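Novice: For the sequence shown, this note's numbering assigns the number 75 to the initial residue and increments by one for each residue that follows. Where is the CB? At the ideal position from N, CA and C, for every residue including glycine. Remember, it's a predicted structure, so these values are computed and weren't measured experimentally. Starting off with a structure, shown below.
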Amino acid sequence: MSLLVAHELYRFFHTGEDETFALRGVSLCLSPGEFVALMGPSGSGKSTLLSCLTGLDEPDGGHVEVCGMRLTRQSEAVRARIRATSFGILLQSGNLFAHLNVSQNIHLQMQLADKADRARVGQLLEMVGLQHRAHSYVLQLSGGEMARAGLAVALAADPPILVADEPTAEVDADTESRLISHFETRRRNGLTTLLATHSSALARKADRIIRLHDGRVEGD
Ligand code: ADP
Ligand code: MG
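Listed below in structure tokens is the structure:
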């Protein structure tokens, strides 16, 4: 059974007279429990693809299905509901609410998915190495701390599909290895993980690697 399916996604951007072809017919299929690395040079379309897969952006062509439900060209209310129940999402920035501290951000994410669990907030903070930052606000965090807090938020509800854009770009080697073991636990529990990454340590642990080049999947 496929959990997440993308059919021939196209995404174009126009800036003045310039046209960028960010996605040129990308198809993929993820199964429950799969751990997949999305790789490719900067500008190859990784972030655009992750935004389209999670319904944060609309492709100009093609569509996405999550658990057999169409995500593309639905109302924002429908997309938001599918996002809250199916996805944990880590973007490259903007993952935290500025008026909530780190613990409250994590707890809110659990509440949105009906999985509030205060004890687990502490475990997540420990995993990303941020116990000492539980009560800090976004403006008090360094770039790396913000990224780790965002990851704890994305993982908060044990989402069926974790979609993370360069989750280990700003973490130290110890945190990276704790995260890798968490991704492996997710796999054992039948949860799906899709990570855009430049880390070969991370990609080596994946079940497979999808390589993007110039908005296309290599080998397609
Ligand atoms: P990656 O994440 O692999 O670095 P991106 O998906 O961010 O690649 O970008 C793919 C291409 O689309 C790049 O050429 C980028 O400049 C362009 N692009 C992405 N988002 C926008 C946007 N909002 N407006 C214009 N161009 C964009
Ligand atoms: Mg990117």
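Check whether the Cβ atoms of Ala280 and Leu269 lie closer than 9 angstroms to each other.
Specialist: Reading the sequence shown from its first residue, position 206 is the one you call residue 280. Reading the sequence shown from its first residue, position 195 is the one you call residue 269. Yes, Cβ-Cβ distance for Ala280 and Leu269 is below 9 angstroms.
Novice: DSSP beta-bridge partners for Met113?
Specialist: Taking the sequence shown and counting its residues from 1, the one referred to as residue 113 is at position 39. Answer by DSSP bridge pairing, in chain order: Arg285.
Novice: Could you pull the start and end residues of the beta strand (DSSP E) that Val79 belongs to?
Specialist: Here residue 79 corresponds to residue number 5 of the sequence shown, with the count starting at 1. Leu78 to Thr89 is the span of the beta strand (DSSP E), which, as asked, contains Val79.
Novice: Thinking C-beta only, is Pro241 closer than 9 angstroms to Ser160?
Specialist: Within the sequence shown, residue 160 is the residue found at index 86, counting from 1. Within the sequence shown, residue 241 is the residue found at index 167, counting from 1. Contact flag unset, no.
Novice: Under 9 angstroms between the Cβ atoms of Val79 and Cys103?
Specialist: The residue you call residue 79 lines up with position 5 of the sequence shown. The residue you call residue 103 lines up with position 29 of the sequence shown. Yes, these two residues count as a Cβ contact at 9 angstroms.
Novice: To test your reading of the DSSP string, which unbroken beta strand (DSSP E) runs of 3 or more residues are found completely within the region 126-169?
Specialist: The region 126-169 contains these whole beta strand (DSSP E) runs: 135-140 and 161-164.
Novice: Which of the three DSSP states is assigned to Val212 in this structure?
Specialist: Your numbering for residue 212 matches position 138 in the sequence shown. Three-state DSSP puts Val212 in a helix.
Novice: Looking at Gln214 and the ligand MG, is the gap between the Cβ and the nearest heavy atom below 8 angstroms?
Specialist: Taking the sequence shown and counting its residues from 1, one reaches residue 214 at position 140. Flag unset: Cβ of Gln214 not near the ligand MG.
Novice: Is the CB-CB distance between Met201 and Arg252 below 9 angstroms?
Specialist: Taking the first residue of the sequence shown as position 1, residue 201 is located at position 127. Taking the first residue of the sequence shown as position 1, residue 252 is located at position 178. Yes, the Cβ-Cβ distance between Met201 and Arg252 is below 9 angstroms.
Novice: The ligand MG and Ala270: does any heavy atom of the ligand fall closer than 8 angstroms to the residue's C-beta?
Specialist: Along the sequence shown, one-based indexing puts residue 270 at 196. Yes, since a heavy atom of the ligand MG falls inside the 8 angstroms radius drawn around the Cβ of Ala270.
Novice: From Arg278 to Phe109, what distance separates their C-alpha atoms?
Specialist: Your numbering for residue 278 matches position 204 in the sequence shown. Your numbering for residue 109 matches position 35 in the sequence shown. Distance between the alpha carbons of Arg278 and Phe109 is about 11 angstroms.
Novice: Could you please give me the residues that DSSP links to Ile235 through a beta bridge?
Specialist: Position 161 of the sequence shown, counted from the start, is the residue given in the question as residue 235. Ile235 is bridged to Phe161 and Thr266.
Novice: So, Leu186 versus Ala247, is the Cβ gap smaller than 9 angstroms?
Specialist: Looking up residue 186 in the sequence shown gives position 112. Looking up residue 247 in the sequence shown gives position 173. For Leu186 and Ala247, no; Cβs fall outside 9 angstroms.
Novice: Report whether the distance from the Cβ of Gly120 to the nearest heavy atom of the ligand ADP is below 8 angstroms.
Specialist: As a first step, residue 120 must be located in the sequence shown, where it is residue number 46. Here residue 120 is Lys; the residue named in the question, Gly, does not match the sequence. Answer for Lys120: yes, Cβ within range of the ligand ADP.
Novice: List the endpoints of the continuous alpha helix (DSSP H) containing Ser101.
Specialist: Locating residue 101 in the sequence shown gives position 27, where the first residue counts as 1. Not the alpha helix (DSSP H): Ser101 falls in the beta strand (DSSP E), residues Asp92 to Leu104.
Novice: Quick check on Ala275: buried or exposed, where buried means 16 or more other Cβ atoms within 10 Å of its Cβ?
Specialist: Residue numbering aside, residue 275 sits at position 201 when the sequence shown is read from its first letter. Under this definition Ala275 is an exposed residue.
Novice: For the putative contact between Leu164 and Leu225, defined by C-beta atoms under 8 angstroms, what is the C-beta separation to the nearest angstrom?
Specialist: Taking the sequence shown and counting its residues from 1, one reaches residue 164 at position 90. Taking the sequence shown and counting its residues from 1, one reaches residue 225 at position 151. Right, their Cβ atoms sit about 5 angstroms apart.
Novice: Taking 8 angstroms as the cut-off, does the CB of Leu286 come closer than this to any heavy atom belonging to the ligand ADP?
Specialist: The residue labelled residue 286 in the question sits at position 212 within the sequence shown. At least one heavy atom of the ligand ADP is nearer than 8 angstroms to the Cβ of Leu286, so yes.
Novice: With a threshold of 7 angstroms on Cβ separation, who are the neighbours of Gln166 within its own chain once the five nearest residues in sequence on each side are excluded?
Specialist: Residue mapping note: residue 166 aligns to position 92 of the sequence shown, counting from 1. Closer than 7 angstroms at the Cβ level, and outside the excluded window around Gln166, lie Ser121, Asp239 and Glu240.
Novice: Anyone know if the C-beta pair for Ser105 and Ser125 falls short of 9 angstroms?
Specialist: For the purposes of this step, residue 105 is taken as residue 31 along the sequence shown, with counting starting at 1. For the purposes of this step, residue 125 is taken as residue 51 along the sequence shown, with counting starting at 1. It is not a contact, given that the beta carbons lie outside the stated cut-off.
Novice: Could you check how far apart the C-beta atoms of Tyr211 and Ala172 are, in whole angstroms? I think they sit under 8 angstroms.
Specialist: As a position in the sequence shown, residue 211 is number 137, starting the count at 1. As a position in the sequence shown, residue 172 is number 98, starting the count at 1. So it is a contact: roughly 7 angstroms between Cβ atoms.
Novice: Quick check: the Cα distance between Thr267 and Arg285, rounded to an integer number of angstroms?
Specialist: Start at 1 with the first residue of the sequence shown, and residue 267 comes out as number 193. Start at 1 with the first residue of the sequence shown, and residue 285 comes out as number 211. Roughly 16 angstroms between the two C-alpha positions.
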